[in-house]
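*Asks:*
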Amino acid sequence: MRDVIRGKAYVLGHNIDTDQIIPAKHLVYSLADPEERKLYGTYALSGVPDQAAGLPAGHVKFVPDGQHRSEFRVLVAGKNFGCGSSREHAPVALQIAGVEAVVAESYARIFYRNAVNGGFLLPFELVESVWQRVKTGDELEIQVSTGTLRNLTAGEAYALRSLGDVIGILKAGDVFAYAKQSGLMK
Amino acid sequence: MGMNMTEKILARHAGKVSVAPGENIWVDVDVLMTHDVCGPGTIQIFHKQFGAAARVWDREKVVVIPDHYIFTKDLHAHRNLDLLRSFVTEQQLPYFYDVGTPKYKGVCHIALPEEGHTRPGEVLFGTDSHTCTAGAFGEFATGIGNTDAALIMGIGKLWVKVPETMRFVFEGPLPPYLMAKDLILHIIGDIGVDGATYRAMEFAGDGVMALSIEERMTLCNMVIEAGGKNGIIAPDEVTEAFVRSKTNRPYEVVANDADARFHSLRVYQTKEIEPTVAKPHSPDNRDTAFRCRDVVVDRAYIGSCTGGKVTDFRAAASILKGKQVKVDTFVVPATTEVARALATEYLDGESLQSIFESAGARIAEGASCAACLGGPSDTFGRLNKSEVCISTTNRNFPGRMGSKSAQVYLASPYTVAASAVTGKITDPREFLAARADRRSC
Ligand code: SF4
Numbered sequence: 060m061r062d063v064i065r066g067k068a069y070v071l072g073h074n075i076d077t078d079q080i081i082p083a084k085h086l087v088y089s090l091a092d093p094e095e096r097k098l099y100g101t102y103a104l105s106g107v108p109d110q111a112a113g114l115p116a117g118h119v120k121f122v123p124d125g126q127h128r129s130e131f132r133v134l135v136a137g138k139n140f141g142c143g144s145s146r147e148h149a150p151v152a153l154q155i156a157g158v159e160a161v162v163a164e165s166y167a168r169i170f171y172r173n174a175v176n177g178g179f180l181l182p183f184e185l186v187e188s189v190w191q192r193v194k195t196g197d198e199l200e201i202q203v204s205t206g207t208l209r210n211l212t213a214g215e216a217y218a219l220r221s222l223g224d225v226i227g228i229l230k231a232g233d234v235f236a237y238a239k240q241s242g243l244m245k
Numbered sequence: 073m074g075m076n077m078t079e080k081i082l083a084r085h086a087g088k089v090s091v092a093p094g095e096n097i098w099v100d101v102d103v104l105m106t107h108d109v110c111g112p113g114t115i116q117i118f119h120k121q122f123g124a125a126a127r128v129w130d131r132e133k134v135v136v137i138p139d140h141y142i143f144t145k146d147l148h149a150h151r152n153l154d155l156l157r158s159f160v161t162e163q164q165l166p167y168f169y170d171v172g173t174p175k176y177k178g179v180c181h182i183a184l185p186e187e188g189h190t191r192p193g194e195v196l197f198g199t200d201s202h203t204c205t206a207g208a209f210g211e212f213a214t215g216i217g218n219t220d221a222a223l224i225m226g227i228g229k230l231w232v233k234v235p236e237t238m239r240f241v242f243e244g245p246l247p248p249y250l251m252a253k254d255l256i257l258h259i260i261g262d263i264g265v266d267g268a269t270y271r272a273m274e275f276a277g278d279g280v281m282a283l284s285i286e287e288r289m290t291l292c293n294m295v296i297e298a299g300g301k302n303g304i305i306a307p308d309e310v311t312e313a314f315v316r317s318k319t320n321r322p323y324e325v326v327a328n329d330a331d332a333r334f335h336s337l338r339v340y341q342t343k344e345i346e347p348t349v350a351k352p353h354s355p356d357n358r359d360t361a362f363r364c365r366d367v368v369v370d371r372a373y374i375g376s377c378t379g380g381k382v383t384d385f386r387a388a389a390s391i392l393k394g395k396q397v398k399v400d401t402f403v404v405p406a407t408t409e410v411a412r413a414l415a416t417e418y419l420d421g422e423s424l425q426s427i428f429e430s431a432g433a434r435i436a437e438g439a440s441c442a443a444c445l446g447g448p449s450d451t452f453g454r455l456n457k458s459e460v461c462i463s464t465t466n467r468n469f470p471g472r473m474g475s476k477s478a479q480v481y482l483a484s485p486y487t488v489a490a491s492a493v494t495g496k497i498t499d500p501r502e503f504l505a506a507r508a509d510r511r512s513c
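One line per chain: the protein sequences are A and B, in this order. For the first sequence, position 97 (counting from the first letter as 1) is numbered 156 according to this note's numbering, and the numbering increases by one without interruption. For the second sequence, position 331 (counting from the first letter as 1) is numbered 403 according to this note's numbering, and the numbering increases by one without interruption.
Dropping the structure here:
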């Protein structure tokens, strides 16, 4: 697990559900095929209504048309990020698009589990509800060991909650590595 | 300190005498269910992690139910079905409800109980968030992702954080114009779409215990819309009669200890609740059907694991009988068994199917999830533009039923049917009261 994650922020609101992260009609692409799986990156966050895409102004494309990588490395969001369907395609699509971390006020349980157990991205929670202080395009730096999020553009720092219970899995890499450490898997 | 049902089931499956909320434990899994959307990804991870020649931990415990993208020409969707087929053959799995065979069922959460895979006291995981539906049978049931499912396939275990339990008590029976859907929409409106995150939701009280098994399933089905991990209802004679009619497998019923702990308790007087809707674009955007009476709708949709069971169609038919729908109305039975029941269940001498057809509703050709989750663009009932739809399904997030410019109102089958007749959101009491008057004279 890397200690420092740096990159541009893409800001979203509350209750970003997994249908907005990757709409259901795209769930048919093969994750095993290296070329086809890129389509998940292409359509990542394509279900977010335009006015809510990239706050505060909205109307910011997350992934440029026809490409599968986004210039934004860190998603910043309000409450209940990842609610709805249990599709693991959601954290996977974000990972394929290049997202390394999400910073949200809170998460829906299954998304959080999927992100951690599959080792797709790091889901951080803010101690205080300050996500609206970040604007899409701000340069952010997360330091895992100290639990801080620095907004380099705004010159501010915010505290992150400790990764707590799941730190063992994140350190191991994914739930399989963790199960091996726990002696449950050879 | 005593334990509640969820804690007891988890403790038993972790080989522990007791567990407390917040504890992380590894539990033994009784049933793992997967479907056509998440099965292929799960299988791929399973083989990657456990080897190309790996075998699932227990063939009897893996259930494969294709249901999401069935009646579509989408080639990718068909490839997913083929991937399931070859895995089932390779692993020789006995419980596969394949499309195009007499075993085909339809929506997994309704198929599981119909085929005897839901049993009190057990632990069920499924690669679908509405796996929580099975809490209606007094078991621990919850949705997971592909990675977790692949781990279970290999080792038969999964780590779980023991949830706190919120208790919801309904006092007094359901008035004739209400359904379980109204109760759960009411609760979600109270606590919000993240009001039960990481927690179990237990439903109790004489209002709940008087419900049929299908209505109990509706209650538990939507706990995920409040962020809940699992829903649970104490098993009673209703549960046991149903389960016994489907399977001979032994199971062990659990009950709350007298001094069981709960996170919180909410008590409702059932009769005070009104026919409820969730307005766009969130299941917690609660209002009453009456207050939404000026909302003009373009279509009505009756289907899904939430609102596509026999009880749901009986309710809708009781309003549509002898009437004409004013807007496009889609009827999608959840399973093939439900589809057959449309022809064999009668209401005052007329089959449900005939009632729907005479009213001008369109009945889907097969049982499946159909437009509940949008799906490929040729999906039956899919919202392809900015329509306003009133629906018996469970989610109305932007784009959930297709186009992100569409607007979806969630409601009970009574309310959806009443609205289909008037073309506006309608409190079903308008129709049900008239019917009651006719009966009495
Ligand atoms: S009917 Fe809808 S909610 Fe139920 S399993 Fe299918 S897609 Fe999911």
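No residue lacks a Cβ here, since even glycine has one placed at the ideal position from N, Cα and C.
#1: Within 8 Å (strictly less), CB to CB, does A/Q247 reach chain B?
#2: Determine which residues share a DSSP beta bridge with B/E274 and list them.
#3: Compute the distance between the beta-carbons of A/I80 and A/L153, then report whether it is under 8 Å.
#4: For a contact meaning CB atoms closer than 7 Å, what does B/R27 contact in chain A?
#5: Checking contacts by CB at 8 Å: is B/S376 closer than that to chain A?
#6: Between which residues of its own chain and B/L419 is the CB-CB distance below 7 Å, once the five residues before and five after are set aside?
#7: Under 8 Å, do B/E516 and B/R371 count as touching if we go by C-beta distance?
#8: Name the chain A residues whose beta carbon is nearer than 7 Å to that of B/Y141?
#9: Rounded to whole angstroms, how far is the Cβ of B/T219 from the Cβ of A/N74, which I believe are closer than 8 Å?
#10: At a threshold of 7 Å, does B/H181 count as lining ligand 1 (C-beta to nearest heavy atom)?
#11: Taking only the alpha-carbon atoms, compute the straight-line gap between B/I81 and A/R61 and give it to the nearest angstrom.
#12: Count the other CB atoms, across all protein chains shown, that sit within 10 Å of the CB of A/N173; report buried if there are 16 or more and exposed otherwise.
#13: In chain order, what residues of the same chain have a beta carbon less than 6 Å from the beta carbon of B/C444, not counting five sequence neighbours either side?
#14: Examine ligand 1 and report whether any of its heavy atoms sits within less than 7 Å of the Cβ of B/C461.
#15: CB-CB under 8 Å to B/E95, same chain, minus the five flanking residues each way: which ones, in chain order?
#16: Assuming contact is defined by CB atoms lying nearer than 8 Å, are B/T407 and B/I182 in contact in what I supplied?
#17: Rounded to whole angstroms, what's the CA-CA distance from B/F493 to B/T360? Just pull it up for me.
#18: Assign B/R131 to one of two classes, buried (16 or more other C-beta atoms within 10 Å of its C-beta) or exposed (fewer than that).
#19: With 16 other CB atoms within 10 Å as the buried threshold, where does B/S201 fall?
#20: Any beta-carbon of chain B closer than 8 Å to the one on A/V234?
#21: Give the interface partners of B/W98 over in chain A, defined as CB-CB distance under 7 Å, in chain order.
#22: Are B/G207 and B/C110 closer than 8 Å when you measure CB to CB?
#23: Is any beta-carbon of chain A found at less than 8 Å from that of B/H64?
#24: Once DSSP output is grouped into helix, strand and coil, what is the label at B/F207?
#25: Which residue or residues does DSSP assign as beta-bridge partners of A/P182?
#26: Listed from N- to C-terminal order along the chain, which residues in the segment 184-207 of chain B have their beta-carbon within a distance smaller than 9 Å of any beta-carbon of chain A?
#27: Quick one: grab the DSSP three-state call for A/F121.
#28: What does a CB cutoff of less than 7 Å around B/I263 pick up in its chain, not counting 5 residues either side in sequence?
*Replies:* To lay it out plainly:
#1: The shown model of chain A, from 60 to 245, leaves out residue 247 of chain A, and the question about it has no answer.
#2: B/R239, B/I304
#3: yes
#4: Since the first residue shown for chain B is 73 and the last is 513, residue 27 of chain B is missing from the structure and cannot be characterised.
#5: no
#6: R386, A389, S390, K393, I427
#7: Since the first residue of chain B shown is 73 and the last is 513, residue 516 of chain B is not available in this structure.
#8: V87
#9: The pair is not a contact, with the Cβ atoms about 24 Å apart (cut-off 8 Å).
#10: yes
#11: 38 Å
#12: buried
#13: S376, T465
#14: no
#15: K233, V234
#16: yes
#17: A quick correction: the sequence has Val, not Phe, at residue 493 of chain B. Their backbone Cα atoms lie some 18 Å apart in a straight line.
#18: exposed
#19: buried
#20: yes
#21: L243
#22: no
#23: Beyond the ends of chain B as shown, which are 73 and 513, falls residue 64 of chain B; an answer cannot be given.
#24: Going by the sequence as given, residue 207 of chain B is Gly instead of Phe. Helix at B/G207.
#25: A/V161
#26: G198, T199, D200, S201, H202, T203
#27: coil
#28: A298
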